[in-house]
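Engineer: Just passing along the structure, written as structure tokens.
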């Protein structure tokens with residue numbers, strides 16, 4: 172880190188967290204507010220933006236669709252002074268709401284690119300209803316992957332879903348409860364949505380449980 | 016149905032409804048107890064959306080008190096929006112609690128918060144979705160006891176058929192007495208009527224089925240007969256002698272709700288005596304919390320919630336005894352914490368601007384709200400809110416020069432004495448305020464006029480007064496819409512038909528129960544929501560019940576009429592209200608009653624209580640009393 176770049180001792184910390192069942196239906200804006208309140212309760216010295224209406228400097232990596240849980244979320248938080256990651260994690264855990272779990276924290280480059288711009292793809296694990304016919308689904312899946320394009324429409328705008336699917340597999344380790352694993356692109360203006368993939372497979376997303384396992388960033392992060 | 020079955024039915028529904036976060040619970044600071052290990056279970060309901068109910072302080076207070084008892088649990092339930100209601104009915108999913116997903120019908124007690132009248136159809140809908148018989152007489156031993164409280168229940172009669180027992184007044188102490196009474200009855204094995212009779216013995220509890228109302232041939236009330244020796248006449252409201260510490264372990268919703276903030280009630284009651292103000296009459300006497308108690312509560316609540324906003328609530332903040340000390344203490348303690356502090360209900364004077372200046376420090380300054388209510392001296396005297404136009408303009412100048420650019424002015428139209436000239440004066444006054452703003456800060460200055468329509472409320476000096484007709488209201492609103500347009504001006508108003516509904520129900524009698532029921536059957540729900548309000552359903556309901564709505568709104572009432580709520584006493588005597596009504600007709604005003612007692616009746620009624628709890632906090636002046644003898648003659652609880 173470049174100390175000259177931070178007049179106070181402002182530091183930037185990246186935190187990995189899970190979004191649990193209790194917060195499945197909390198949207199991105201409300202998740203942001205929940206984090207602000209969590210950081211205040213934890214007593215961490217949040218850095219605020221300058222200007223007429225200062226707001227706490229925090230950045231969520233990538234919006235998660237309503238109804239999904241996740242064990243791979245990321246958030247960047249700016250603090251007024253350096254604090255050991257272990258202490259940050261402990262402080263957050265002491266004030267955590269039932270819908271969140273803090274996994275890990277580490278310092279990142281203060282002047283590095285904004286977290287959302289680093290995101291390139293996301294991994295999802297989808298639990299399907301138990302009565303799902305695994306063999307039929309497998310055939311469907313092959314068909315979908317073999318297609319050169321998958322024209323779809325979202326909010327009145329046509330787009331091609333196929334190039335957004337980087338990987339898609341059926342996990343039948345538990346035959347009674349088939350699961351889908353997928354990696355979908357998550358770049359600016361090129362974001363694959365898991366419920367769209369389910370629709371394309373003829374599945375009803377409201378009967379499935381979508382869980383994000385990882386948000387993938389574009390480069391290895393420097394170690395503090 | 017078990018919680019697991021409810022969860023299974025709920026899963027596929029949630030992704031299909033708007034804002035599913037309303038129906039899932041699981042927030043920070045919710046209290047989840049072991050259902051099997053707790054003998055008595057209470058469901059607390061606010062019959063409107065989660066978004067509103069979670070901002071209701073009364074519910075938070077009761078939730079806290081009940082859950083502090085080891086042998087009790089309290090869980091929450093709110094009204095599902097129409098999409099959720101349809102999905103629940105289609106899936107035969109009963110109304111459930113947010114904390115543990117138990118059916119509401121499995122609770123021992125259902126407590127419903129009724130701060131305003133437009134929640135009545137939602138109350139019936141809530142009972143129906145829960146599978147609890149709508150009518151009190153149809154409930155048996157295994158059904159929950161259904162109680163209701165809140166400001167609307169000072170006239171409980173329109174819901175008398177549906178609620179087993181009403182709490183008249185403040186709930187902090189009486190809620191536990193009711194639960195203990197319920198527990199004793201459960202242990203006794205006696206039939207349900209025995210429970211209702213023993214509840215009637217508690218100070219502040221009204222059991223409507225123990226009273227029979229007789230009517231005159233003209234439809235007015237002839238009198239009220241007692242059907243049981245336990246029933247009190249009148250039922251005197253419950254109050255706490257001293258405000259207990261406020262709740263600080265507040266539930267923090269994940270989703271955005273009406274108010275995302277720490278609410279602290281700094282004072283209860285008001286000594287100003289505005290004649291239209293229901294709250295001002297029914298919440299007497301004034302009791303204050305100490306500065307230390309407030310600051311400590313804020314500190315604790317902020318640590319437990321992480322909120323970025325706090326509100327110091329009361330009916331008239333400027334009248335809080337040590338308001339300057341409070342504001343100094345709060346701004347000193349919380350400086351530099353990026354906290355926004357609201358102090359609503361300030362008097363129209365420069366001092367209020369100084370207070371807000373101190374509180375808001377360097378923070379962004381948006382709007383500043385004042386409530387002159389009327390724009391002519393004549394109307395101000397009639398409603399007993401004497402503020403001079405000169406003082407208002409001076410205050411406005413002060414507000415704009417300290418950097419606020421919007422002034423929101425609350426007015427009220429619709430009093431029968433009001434002329435179109437009085438309404439015109441509202442428009443003129445807004446223009447004058449805007450001119451003041453323009454002179455100070457140029458084009459950035461703006462005025463927002465919020466013009467509501469007067470609804471005569473029970474237990475106020477205006478309980479005798481007829482309402483304006485819809486046509487009269489529309490004419491007054493049309494005038495305002497014509498005159499209050501252009502840059503820097505904004506006007507908002509109420510739909511006159513919604514005002515009518517509020518007016519029918521506010522001064523309704525028991526016969527309105529059938530109308531509420533018929534309206535609910537015709538699909539009336541969420542009557543306070545413009546997109547849901549169905550005037551036609553209500554008109555049909557009146558027709559089906561054979562009742563003329565104008566009887567409740569436009570009829571002039573004789574000064575000696577017996578009102579449907581006369582057997583409910585807020586402590587303020589009807590003789591006082593009669594005199595104050597007469598004074599209003601003469602344009603006579605009263606000063607702040609902290610300075611001079613006008614003998615409204617509160618002091619003699621609660622003299623014993625005050626004597627037993629001496630000390631500061633109770634703001635009535637000390638009056639040497641023949642009052643003592645009177646209070647001893649009227650016990651608070653029936654013998």
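Residue numbers (my numbering), protein chains in the order written: chain A, 172 to 395; chain B, 16 to 654. For every residue, glycine included, the Cβ atom is placed at its ideal position computed from N, Cα and C.
Which term fits residue 302/B, buried or exposed, when burial requires 16 or more other beta carbons within 10 angstroms of its beta carbon?
Structural biologist: Counting Cβ neighbours within 10 Å, residue 302/B comes out buried, since at least 16 surround it.
Engineer: Does the Cβ-Cβ distance between residue 189/B and residue 257/B come in under 8 Å?
Structural biologist: The answer is no: Cβ separation not under 8 Å.
Engineer: Give a yes or no on whether the minimum CB-CB distance between residue 295/A and chain B is below 8 Å.
Structural biologist: Chain B, which has no Cβ nearer than 8 Å to the Cβ of residue 295/A, makes this no.
Engineer: Measuring straight from C-alpha to C-alpha, what distance separates residue 346/B and residue 375/B?
Structural biologist: Computed Cα separation, rounded: 8 Å.
Engineer: Taking Cβ positions only, does residue 252/A come closer than 8 Å to chain B?
Structural biologist: No, no contact with chain B.
Engineer: Going by other Cβ atoms of all chains shown within 10 Å of its Cβ, with 16 needed for buried, is residue 243/B buried or exposed?
Structural biologist: When all chains shown are included, residue 243/B counts as exposed.
Engineer: On the three-pair Cβ rule with 8 Å, is the segment 279-295 of chain B touching the segment 596-610 of chain B?
Structural biologist: Yes: at least three Cβ pairs fall under 8 Å.
Engineer: Indicate the three-state DSSP secondary structure (helix, strand or coil) for residue 566/B in the structure shown.
Structural biologist: In the structure shown, residue 566/B sits in a helix (DSSP, three-state: H, G or I).
Engineer: Cα-Cα, which of 248/A, 185/A, 222/A, 192/A is closest to residue 204/A?
Structural biologist: It is 248/A whose Cα lies nearest to the Cα of residue 204/A.
Engineer: For the segment 269-284 of chain B against the segment 228-235 of chain B, do three or more pairs of beta-carbon atoms, one drawn from each stretch, fall closer than 8 Å, so that the two count as touching?
Structural biologist: No, they do not touch.
Engineer: Quick one: measure Cβ to Cβ for residue 468/B and residue 429/B, integer angstroms, because I've assumed they're closer than 8 Å.
Structural biologist: That pair is a contact at about 4 Å.
Engineer: When we look at the beta-carbon of residue 109/B and count the other beta-carbons within 10 Å, is it buried (16 or more) or exposed?
Structural biologist: Under this definition residue 109/B is a buried residue.
Engineer: Would you kindly work out how many angstroms separate the C-alpha atoms of residue 240/A and residue 198/A, rounded to a whole number?
Structural biologist: Rounded to the nearest angstrom, the two C-alpha atoms are 11 Å apart.
Engineer: Where does residue 235/B fall in DSSP's three states?
Structural biologist: In this structure, residue 235/B counts as coil in the three-state DSSP scheme.
Engineer: Mind checking whether residue 53/B and residue 77/B have CB atoms under 8 Å apart?
Structural biologist: Cβ atoms of residue 53/B and residue 77/B: not closer than 8 Å.
Engineer: Using the C-alpha atoms, what's the distance from residue 368/A back to residue 318/A?
Structural biologist: C-alpha separation (whole angstroms): 13 Å.
Engineer: By alpha-carbon positions, which one of 349/B, 577/B, 39/B, 434/B ends up nearest to residue 655/B?
Structural biologist: Outside the displayed range of chain B (16 to 654) lies residue 655/B, so it cannot be described from this structure.
Engineer: Any beta carbon from chain B within less than 8 Å of residue 238/A's own beta carbon?
Structural biologist: Closer than 8 Å to some Cβ of chain B, the Cβ of residue 238/A qualifies, so yes.
Engineer: What residue range is occupied by the uninterrupted beta strand (DSSP E) comprising residue 423/B?
Structural biologist: Unbroken beta strand (DSSP E) run through residue 423/B: 421-428.
Engineer: Taking 8 Å as the threshold (C-beta atoms), are residue 568/B and residue 629/B in contact?
Structural biologist: No; because the gap between Cβ atoms is not below 8 Å, this pair is not in contact.
Engineer: When you compare the CB of residue 78/B with every CB in chain A, is at least one pair closer than 8 Å?
Structural biologist: Not closer than 8 Å to any Cβ of chain A, the Cβ of residue 78/B fails to qualify, so no.
Engineer: Taking the alpha carbon of residue 566/B as the point to measure from, which residue in 547/B, 520/B, 581/B has its own alpha carbon closest?
Structural biologist: Comparing Cα positions, the closest option is 520/B.
Engineer: Below 9 Å between beta carbons is the criterion; list the residues of the segment 260-276 of chain B that meet it against any residue of chain A, in chain order.
Structural biologist: The segment 260-276 of chain B vs chain A, Cβ under 9 Å: 267, 268, 269, 270, 271, 275.
Engineer: For residue 380/A and residue 236/A, what's the separation of their Cα atoms in angstroms?
Structural biologist: The alpha-carbon atoms of residue 380/A and residue 236/A are separated by roughly 12 Å.
Engineer: Please give the ranges of any alpha helix (DSSP H) in the segment 193-241 of chain A, keeping only runs that are unbroken, at least 4 residues long and fully inside the region.
Structural biologist: Listed in chain order, the complete alpha helix (DSSP H) runs (minimum 4 residues) inside the segment 193-241 of chain A are 199-212.
Engineer: Residue 179/B: which of 28/B, 61/B, 193/B sits nearest, CA to CA?
Structural biologist: Answer by Cα proximity: 193/B.
Engineer: If you measure beta-carbon to beta-carbon, which residues of the segment 192-203 of chain A are closer than 9 Å to chain B?
Structural biologist: Listed by position along the chain: 192, 193, 194, 195, 196, 197, 198, 200, 201, 202.
Engineer: Using three-state DSSP, classify residue 635/B as helix, strand or coil.
Structural biologist: Correct three-state label for residue 635/B: coil.
Engineer: Is the distance from the Cβ of residue 122/B to the Cβ of residue 93/B below 8 Å?
Structural biologist: Their beta carbons are not under 8 Å apart, which means residue 122/B does not touch residue 93/B by this criterion.
Engineer: Roughly how many angstroms separate the alpha carbons of residue 322/B and residue 350/B, rounded to a whole number?
Structural biologist: Computed Cα separation, rounded: 15 Å.
Engineer: Run down chain B in chain order and give the residues with a C-beta less than 8 Å from the C-beta of residue 367/A.
Structural biologist: Simply none; closest approach about 14 Å.
Engineer: Taking a contact to mean a Cβ-Cβ separation below 8 Å, would you say residue 21/B touches residue 118/B in this structure?
Structural biologist: Yes, the pair counts as a contact, with Cβ atoms nearer than the cut-off.
Engineer: DSSP three-state call for residue 161/B: helix, strand or coil?
Structural biologist: Here residue 161/B sits in strand by DSSP.
Engineer: By Cβ distance below 7 Å, which residues in the same chain neighbour residue 360/B in space, the five residues on each side in sequence not counted?
Structural biologist: Cβ neighbours of residue 360/B beyond the five flanking positions: 329, 330, 331, 332.
Engineer: Compute the Euclidean distance between the alpha carbons of residue 128/A and residue 341/A, then round it to the nearest angstrom.
Structural biologist: The first residue shown for chain A is 172 and the last is 395, placing residue 128/A beyond what the model contains.
Engineer: Would you say residue 362/A reaches chain B, if we count a Cβ-Cβ gap shorter than 8 Å as a contact?
Structural biologist: No, its Cβ sits nowhere closer than 8 Å to a Cβ of chain B.
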